[in-house]
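Going down the list, the sequences are from chains V and W.
Each residue of the first sequence is one higher than the one before, starting from 7 at the first, in our numbering.
Each residue of the second sequence is one higher than the one before, starting from 7 at the first, in our numbering.
There are 2 protein chains.
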Amino acid sequence: MIEGEEEVGSDNLETFVRENTDKLDNDVILISDTGMLANDIPSITTGLRGMSYVEVEITGPNRDLHSGLYGGAVANPINILTKMVASLHDENNRVTIPGFYDKVEELNAAEREQFKQIPFSLENYQNALDIESVYGEKGYSTLERKSIRPTLDVNGIWGGYIGEGAKTVIASKAYAKISMRLVPNQKSEEITKLFMDHFVSIAPKGVTVKVTPHHGGEAYVMHPDGLEFQAASKAYVETFGKAPIPVRDGGSIPIVALFEETLQSKTVLMGFGLDSDAIHSPNEHFGVFNFLKGIETIPHFYKHFTTMHQASQ
Amino acid sequence: MIEGEEEVGSDNLETFVRENTDKLDNDVILISDTGMLANDIPSITTGLRGMSYVEVEITGPNRDLHSGLYGGAVANPINILTKMVASLHDENNRVTIPGFYDKVEELNAAEREQFKQIPFSLENYQNALDIESVYGEKGYSTLERKSIRPTLDVNGIWGGYIGEGAKTVIASKAYAKISMRLVPNQKSEEITKLFMDHFVSIAPKGVTVKVTPHHGGEAYVMHPDGLEFQAASKAYVETFGKAPIPVRDGGSIPIVALFEETLQSKTVLMGFGLDSDAIHSPNEHFGVFNFLKGIETIPHFYKHFTTMHQASQ
Numbered sequence: 007m008i009e010g011e012e013e014v015g016s017d018n019l020e021t022f023v024r025e026n027t028d029k030l031d032n033d034v035i036l037i038s039d040t041g042m043l044a045n046d047i048p049s050i051t052t053g054l055r056g057m058s059y060v061e062v063e064i065t066g067p068n069r070d071l072h073s074g075l076y077g078g079a080v081a082n083p084i085n086i087l088t089k090m091v092a093s094l095h096d097e098n099n100r101v102t103i104p105g106f107y108d109k110v111e112e113l114n115a116a117e118r119e120q121f122k123q124i125p126f127s128l129e130n131y132q133n134a135l136d137i138e139s140v141y142g143e144k145g146y147s148t149l150e151r152k153s154i155r156p157t158l159d160v161n162g163i164w165g166g167y168i169g170e171g172a173k174t175v176i177a178s179k180a181y182a183k184i185s186m187r188l189v190p191n192q193k194s195e196e197i198t199k200l201f202m203d204h205f206v207s208i209a210p211k212g213v214t215v216k217v218t219p220h221h222g223g224e225a226y227v228m229h230p231d232g233l234e235f236q237a238a239s240k241a242y243v244e245t246f247g248k249a250p251i252p253v254r255d256g257g258s259i260p261i262v263a264l265f266e267e268t269l270q271s272k273t274v275l276m277g278f279g280l281d282s283d284a285i286h287s288p289n290e291h292f293g294v295f296n297f298l299k300g301i302e303t304i305p306h307f308y309k310h311f312t313t314m315h316q317a318s319q
Numbered sequence: 007m008i009e010g011e012e013e014v015g016s017d018n019l020e021t022f023v024r025e026n027t028d029k030l031d032n033d034v035i036l037i038s039d040t041g042m043l044a045n046d047i048p049s050i051t052t053g054l055r056g057m058s059y060v061e062v063e064i065t066g067p068n069r070d071l072h073s074g075l076y077g078g079a080v081a082n083p084i085n086i087l088t089k090m091v092a093s094l095h096d097e098n099n100r101v102t103i104p105g106f107y108d109k110v111e112e113l114n115a116a117e118r119e120q121f122k123q124i125p126f127s128l129e130n131y132q133n134a135l136d137i138e139s140v141y142g143e144k145g146y147s148t149l150e151r152k153s154i155r156p157t158l159d160v161n162g163i164w165g166g167y168i169g170e171g172a173k174t175v176i177a178s179k180a181y182a183k184i185s186m187r188l189v190p191n192q193k194s195e196e197i198t199k200l201f202m203d204h205f206v207s208i209a210p211k212g213v214t215v216k217v218t219p220h221h222g223g224e225a226y227v228m229h230p231d232g233l234e235f236q237a238a239s240k241a242y243v244e245t246f247g248k249a250p251i252p253v254r255d256g257g258s259i260p261i262v263a264l265f266e267e268t269l270q271s272k273t274v275l276m277g278f279g280l281d282s283d284a285i286h287s288p289n290e291h292f293g294v295f296n297f298l299k300g301i302e303t304i305p306h307f308y309k310h311f312t313t314m315h316q317a318s319q
């Protein structure tokens, strides 16, 4: 199955899958849309975050105003938007939406200990991004923040005069696109509703708020002791000479949770990309080594999975 | 003298005025760039706010990032910008920049009482803007907020993905244009410096901040007992049948303070616009009644001022 709408929200995919469950009957699903730790440290993604994506619109006065004549006397939608968005995180960088963390699974000490085993250099990470410091929820490491913890990020913001130079205007409207990455048990629709109710409730008098949901998706977890992971693991051993490390990833592939629900199938995520591929950034790329290694490794998975699956019937 | 650059910051005017003080020698200056309360309530602007206008740029990672892979783990410049901008006002809507109010002249009870005499309907004001409530610094009326109190407004904000639909990106940079309206004694350059120092100081680790000053200007006050106001007052009596009310305005005409400094001249602001003219907004307009009333009234000012000025020599 080939999906061409993934980066624009896969609006038609769910309907297609639900209407074609018979044709999509399968033993296991393989998707290559993830990465691995390094070319000499193969890994398999065993968890994905879900997503809730919303667009907000703040309306103040019914028209753009002169900031001299009205400045200080009416609610400026941009200032209000910054206040409302800023209030969505507390001083520990936790999301303040009531109920947001209610269903978040807290990992136990042993599970968190596994994160420390994953090869990761904070210094290299910071250097690669030219940042002096990482930033995120207090009490969690960088690897945990970007995989097992839910987030709230503004993906776009706009309002007022954005050309060159200065214009003394108070805009009538201000906008933001906001996405929340979700972890297992946080339901996308439920979180979207929590966001909408909260965001409307914190608006001061003098502005009106509209929240429009964009696409969402559920989180996914697979267990490394399952047949799928074990078969994939054998395949990596054949081509990389070592077993892959199970890693929970921060991205979202909503179709994976949908497949599990509608087709009762587990998905194995055999991806060969690297962090340095700059995905969704300028100069996005994919190495020839990785491309060829994927072509070599995947057939071994077919072979091992078929054998193991037949043996288990 | 005709100035064609006023709405783009008058970058060349100051130099021109300083180099041509001899040619610009005068007894009084008249500018028509203000409004009056209503067609049957003539008024003269006796105060203008100054301005400091800056542009800020927040840089986080050196490139746009995928919000799934990095979300929650690095400082998102847009989220940080909203936090920094939001923190510029406290819970009473006062500006939090240290020193911002140090030189602000507080009006005494009698002066503030005068504001209550100005005909003003809060209901009409709110209805005209379609807002449920006004908004501003605690302890001050709407008329005070937009004239004798300094402000800080975001005039534009942008960053990340602002097209249709959803894109899961963490932007490398976020921007805002911010203007502060100033009152007498607050110096534009000084306030710009206070802003820059403060804004840079509140940035968290993980982002860098650049602040670029745009144009500025000083506030201005004239006294209703001066010759200029009295001569103008007589002119209004002749054409409107009643004396004008002195009103302090929230806008900025930086040249007025510059004229006072370089030419040692007072400026009388005889403007005939109305609040409903929607200046700097769509459908900006100027009434024929007001246009003709200005043409009728101004020559009377020349006559009265000349007579009174010669008598005072």
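Backbone N, C-alpha and C fix where the C-beta goes; we use that ideal spot for every residue, glycine too.
Taking C-beta pairs closer than 7 Å, name the residues in chain W that residue i reaches, listed in chain order.
i: S139/V; result: K211 and G212
i: T157/V; result: G77 and G78
i: V227/V; result: The contacting residues do not exist; V227/V stays about 15 Å from chain W at best.
i: K29/V; result: Under the 7 Å cutoff, chain W gives no residues; its nearest Cβ is about 29 Å from K29/V.
i: K89/V; result: A92
i: G66/V; result: I137
Contact check, residue i vs residue j under 8 Å by CB: the rounded distance?
i: D159/W; j: G77/V; result: 5 Å
i: H229/V; j: A172/W; result: At roughly 31 Å, the Cβ-Cβ gap does not stay under 8 Å, so H229/V and A172/W are not in contact.
i: G277/V; j: L200/V; result: Between L200/V and G277/V the Cβ distance is about 31 Å, and since that is not below 8 Å, they are no contact.
i: G166/W; j: G162/V; result: 4 Å
i: M42/V; j: S49/V; result: 5 Å
i: G293/V; j: L280/V; result: 7 Å
i: P190/V; j: S16/V; result: Not a contact, Cβ separation roughly 20 Å.
i: T273/V; j: I8/V; result: About 15 Å separates the two Cβ atoms, so there is no contact after all.
i: S194/W; j: G223/W; result: 6 Å
i: L275/V; j: T27/V; result: Not a contact, Cβ separation roughly 21 Å.
In this structure, does DSSP put residue i in helix, strand or coil?
i: I208/V; result: coil
i: R151/W; result: helix
i: Y167/V; result: coil
i: Y59/V; result: strand
i: H221/W; result: strand
i: N18/V; result: coil
i: M186/W; result: strand
i: K144/W; result: coil
i: D203/W; result: helix
i: A177/V; result: coil
i: K122/V; result: helix
i: K240/V; result: helix
i: N114/W; result: coil
i: T198/V; result: helix
i: N161/W; result: strand
i: V213/W; result: coil
Mind pulling the chain V residues with CB within less than 8 Å of residue i?
i: Y167/W; result: N161, G162 and K183
i: I176/W; result: D159 and N161
i: A180/W; result: I163
i: T148/W; result: A79
i: S258/W; result: G74 and T174
If the cut is a Cβ gap below 9 Å, which residues of chain V does residue i touch?
i: G15/W; result: G171 and A172
i: D96/W; result: Per Cβ cutoff of 9 Å: no residues; D96/W is ~11 Å from chain V at best.
i: A263/W; result: Here the premise fails: no neighbours, minimum Cβ distance about 14 Å.
For residue i, count neighbouring Cβ atoms within 10 angstroms of its own Cβ and tell me buried if that reaches 16, exposed if not.
i: R187/W; result: buried
i: T148/V; result: buried
i: E61/W; result: buried
i: T65/W; result: buried
i: L128/V; result: exposed
i: L298/W; result: exposed
i: F311/W; result: buried
i: G145/W; result: exposed
i: D31/V; result: exposed
i: F307/W; result: buried
Please confirm whether residue i has its beta-carbon closer than 9 Å to some beta-carbon of chain A.
i: G142/W; result: Although the question refers to chain A, the structure presented lacks it and instead comprises the protein chains V and W.
By the criterion of Cβ-Cβ separation under 9 Å, what are the contact partners of residue i in chain W?
i: K152/V; result: G74, L75, Y76, G77, G78, A79 and V80
i: I197/V; result: Within 9 Å Cβ-Cβ: nothing; I197/V doesn't reach chain W, min ~14 Å.
Which residues of chain V have a Cβ atom closer than 7 Å to the Cβ of residue i, listed in chain order?
i: H220/W; result: G171 and A172
i: R55/W; result: G74
Quick one: which chain W residues come within Cβ less than 8 Å of residue i?
i: Y59/V; result: A172 and T174
4 or more residues per run - each alpha helix (DSSP H) lying fully within the stretch 242 to 311 of chain W: 260 to 269
Complete runs of the beta strand (DSSP E) confined to the stretch 30 to 111 of chain V [at least 3 residues]: 35 to 37, 49 to 54 and 56 to 65
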